[in-house]
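Undergrad:
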Amino acid sequence: MAGEIKEKVIAIIAEQAMLQPSDIEMTQSLDDLGIDSLGVVEAIFAIEEEFDISVPFNANDPGASEFDVSTVASIVGAVEGLVAAQKA
Amino acid sequence: MRRVVITGAGTINALGASVAATLEAMREGRCGIGPLQIRDLDRLSVQIGGQIIGYDETAHFNRQQINLYDRFTQFALLAAREAIDQSGLTFSGELAARSGVVMGTSGGGLNTQDDNYRAVYEEGKNRVHPFVVPKLMNNAATSHVSMEHNLKGPSFTVSTACASSNHAIGQAFQMVRTGLADVMVTGGTEAMLCFGGVKAWEGLRVMSKDACRPFSATRNGMVQGEGAGMFVLEEYEHARARGADILAEITGFAMSSDAADIVMPSKQGAARAIMGAMRDGAIPLDAVGYINAHGTGTAANDKTECAAVADVFGHHANDLMISSTKSMHGHLIGGTGAVELLACIMALRDGVVAPTIGYEEPDPECALDVVPNEAREADIEVTLSNAFAFGGLNAVLALRRI
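Quick mapping for you: the protein sequence lines, in order, are chains A and B.
Following the working numbering, the numbering of the first sequence begins with 436 at its first residue and continues without gaps.
Following the working numbering, the numbering of the second sequence begins with 49 at its first residue and continues without gaps.
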């Protein structure tokens, strides 16, 4: 299950970055991947649609959001947490 | 005051995806109106329109652009590319800062509104795509044209229903004329042919279910169209210095408000705008050879417009030609004046006057030479383009051969 979430999140990020999923590294930031602010918001929307979750993300101040978008790994971890919380 | 010329034109509409294709269709009197291909058509009582059939957005834009560009923005971008290509201008440095975009639209991103209202109301979704607002806003098309071509001067969107394009072009004309800008990209765009867009028009009961037949005694209403027309307006000396191909000169523009009724047109309001454009351009009445009519094909507009032209021109009204190309491309609402300006340029440059097609029977209340059904060759020095909007807001442009 966890592997599946990671794979889907990476696919969403890769689409925004116009890269192949295999080119995405877990330590990269969205900035490293060339994803601008609109791209971040669009990726979050895609994540919400994919997992049917609500992501606590405020584009006014991404750093202050509960949802950590600093790296690919942090996004995957946050999504895993939200999916687990939804099931609990 | 500075002289203002047109050095580029572009379009996409039901008659064609370029100026050349559109003018060829107008010369041949071809009709671009046909059965609509939209969702839930069976629930509409009006099922025809001047739709751009076979339009494939993926042939012009990538996935990310499509996420941001409503259909009305896509049309504007395609028409602007053609116009700017023809002008041969590229925008950088001081020229970029002194060049802007003024565009007309009435519905803006109506397809985006329609799709997303459907998603939240009909399908019960509680989440919409994050770009709904930047996609639907009326100024989106203007902004994307400015971004694509680096136009950094005064830029905004004009929305005056069926006169939006003429008000926009007139505004751009005045900006170049008075020195606020050296080059303006201007015109109009509209993409209202979606379920909600057509349903709303149905409500007014002024739509024809079979054809747009302006000035004909058998006319029974208007037909909606879609698309865009865009032009490059340039200060005359600037254009001449770089050896640009000048398509026509804009010499006059006037606006008026009927201040009377929200939908019924006024002869006096229309006449004041026509007369105003003539005065603004110091144009003698008998110089006008062709008028591209507003000519919607409604009972009210066509007779009011003919009466206004007769009042302004007196005896000369019998000698000039007046046609409505809406019979071919439909009524593009906020984009209509821009596509119709192409017919004015064709008359001046090619000596071909576009016809009013679908004409069946003379109406004594429209007793002018409406160029019925077949294009005509003529030597035209000055043309007018009329636009009379719902809300009683009128805008008339005067063009001269150069």
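All C-beta atoms in this analysis are idealised placements derived from N, C-alpha and C, irrespective of residue type, glycine included.
Here the structure is a predicted model, which is why all the values come from computation and not from measurement.
So what's I54/B in DSSP terms, helix, strand or just coil?
TA: Three-state DSSP puts I54/B in a strand.
Undergrad: My understanding is that G152/B touches S213/B, with C-beta atoms under 8 Å, so please give their C-beta distance in whole angstroms.
TA: About 4 Å separates the two Cβ atoms, so the contact holds.
Undergrad: Provide the residue(s) that pair with Y338/B in DSSP beta bridges, ordered along the chain.
TA: Paired residue(s): M369/B and T431/B.
Undergrad: Mapping the DSSP letters down to three states, classify K502/A as helix, strand or coil.
TA: Residue 502/A is actually Phe in this sequence, not Lys. Correct three-state label for F502/A: coil.
Undergrad: Label T266/B either buried or exposed according to how many other C-beta atoms from any shown protein chain fall within 10 Å of its C-beta, with 16 as the threshold for buried.
TA: When all chains shown are included, T266/B counts as exposed.
Undergrad: Within 10 angstroms of its Cβ, does L92/B collect 16 or more other Cβ (buried), or is it exposed?
TA: Counting Cβ neighbours within 10 Å, L92/B comes out buried, since at least 16 surround it.
Undergrad: Over what stretch of residues does the beta strand (DSSP E) that includes I298/B continue unbroken?
TA: From DSSP, the beta strand (DSSP E) with I298/B extends over A296 to S305.
Undergrad: Can you tell me where the alpha helix (DSSP H) with E130/B in it begins and where it stops?
TA: Note, E130/B: alpha helix (DSSP H), R119 to S135.
Undergrad: Between the Cα of F438/B and those of A211/B, A144/B and K183/B, spot the shortest distance and give me the residue it belongs to.
TA: When only C-alpha atoms are compared, the closest one is A211/B.
Undergrad: From which residue to which residue does the alpha helix (DSSP H) around V518/A run?
TA: Counting along the chain, the alpha helix (DSSP H) containing V518/A begins and ends at V507 to K522.
Undergrad: Could you name the residues of chain A that P178/B contacts, counting a contact when the two beta carbons are closer than 7 Å?
TA: Chain A residues near P178/B: V476, E477 and F480.
Undergrad: Just to confirm the assignment, what range does the beta strand (DSSP E) spanning R448/B have?
TA: Note, R448/B: beta strand (DSSP E), L441 to R448.
Undergrad: So which residues of chain B does E485/A contact, with C-beta pairs closer than 8 Å?
TA: Residues of chain B passing the Cβ test: none, with the nearest at roughly 12 Å.
Undergrad: Does the beta carbon of R166/B come closer than 8 Å to any beta carbon on chain A?
TA: No, R166/B does not count as interfacial toward chain A.
Undergrad: Could you give the C-beta distance for L447/B and I298/B, rounded to a whole number, given that I count them as a contact under 8 Å?
TA: Indeed they touch by this definition, with Cβ atoms about 6 Å apart.
Undergrad: How long is the line joining the alpha carbons of I428/B and A395/B, rounded to whole angstroms?
TA: Near 6 Å, if we compare the C-alpha coordinates of A395/B and I428/B.
Undergrad: Check whether the Cβ atoms of V504/A and V476/A sit closer than 8 Å, and answer yes or no.
TA: The answer is no: Cβ separation not under 8 Å.
Undergrad: Look at A478/A and I470/A and say whether their C-beta atoms are less than 8 Å apart.
TA: Yes, Cβ-Cβ distance for A478/A and I470/A is below 8 Å.
Undergrad: Would you call G56/B buried or exposed, if buried means 16 or more other Cβ atoms sit within 10 Å of its Cβ?
TA: Buried is the call here.
Undergrad: Apart from the five residues on each side of it in sequence, which residues of its chain come closer than 8 Å, Cβ to Cβ, to N174/B?
TA: Result list for N174/B: V168, in chain order.
Undergrad: Against N115/B, what residues of chain A qualify as contacts under a CB-to-CB distance less than 8 Å, listed in chain order?
TA: Going along chain A in sequence order, the residues near N115/B (Cβ under 8 Å) are E477.
Undergrad: Tell me the rounded alpha-carbon separation between K351/B and C414/B.
TA: Each residue's Cα considered, the two are about 5 Å apart.
Undergrad: Rounded to the nearest angstrom, what separates S147/B and A289/B at their Cα positions?
TA: Taking the straight line from one Cα to the other gives about 17 Å.
Undergrad: Helix, strand or coil for N61/B per DSSP?
TA: Looking at N61/B - three-state DSSP - the assignment turns out to be strand.
Undergrad: Alpha carbon to alpha carbon, how far is G433/B from V206/B?
TA: Here residue 433/B is Ser; the residue named in the question, Gly, does not match the sequence. If I take the Cα positions, the gap works out to 17 Å.
Undergrad: How many angstroms separate the CA atom of R253/B from the CA atom of V94/B?
TA: Straight-line Cα distance between these residues: approximately 10 Å.
Undergrad: Do V419/B and P403/B count as a contact pair if the criterion is CB distance below 8 Å?
TA: Result yes, Cβ atoms of P403/B and V419/B sit closer than 8 Å.
Undergrad: Assuming F502/A and V518/A form a contact by the criterion Cβ under 8 Å, report the distance between their Cβ atoms to the nearest whole angstrom.
TA: The Cβ separation is near 13 Å, so there is no contact.
Undergrad: Could you check if P182/B is buried or exposed, using at least 16 other CB atoms within 10 Å of its CB as the buried criterion?
TA: Its Cβ being crowded by 16 or more others within 10 Å, P182/B is buried.
Undergrad: N115/B to F179/B, Cα distance in whole Å?
TA: Cα-Cα distance, rounded: 7 Å.
Undergrad: Can you give me the C-alpha to C-alpha distance between R397/B and G498/A, rounded to a whole angstrom?
TA: Straight-line Cα distance between these residues: approximately 60 Å.
Undergrad: Where does M278/B sit, in a helix, a strand or coil, going by DSSP?
TA: In the structure shown, M278/B sits in a strand (DSSP, three-state: E or B).
Undergrad: Under a CB-based cut-off of 8 Å, is R397/B close to chain A?
TA: With 8 Å as the cut-off, R397/B does not count as an interface residue toward chain A.
Undergrad: Consult DSSP for Q463/A and reduce its assignment to one of helix, strand or coil.
TA: Three-state result, Q463/A: coil.
Undergrad: Just reading off the beta strand (DSSP E) that G235/B is part of, what are its end residues?
TA: Residues V231 to E238.
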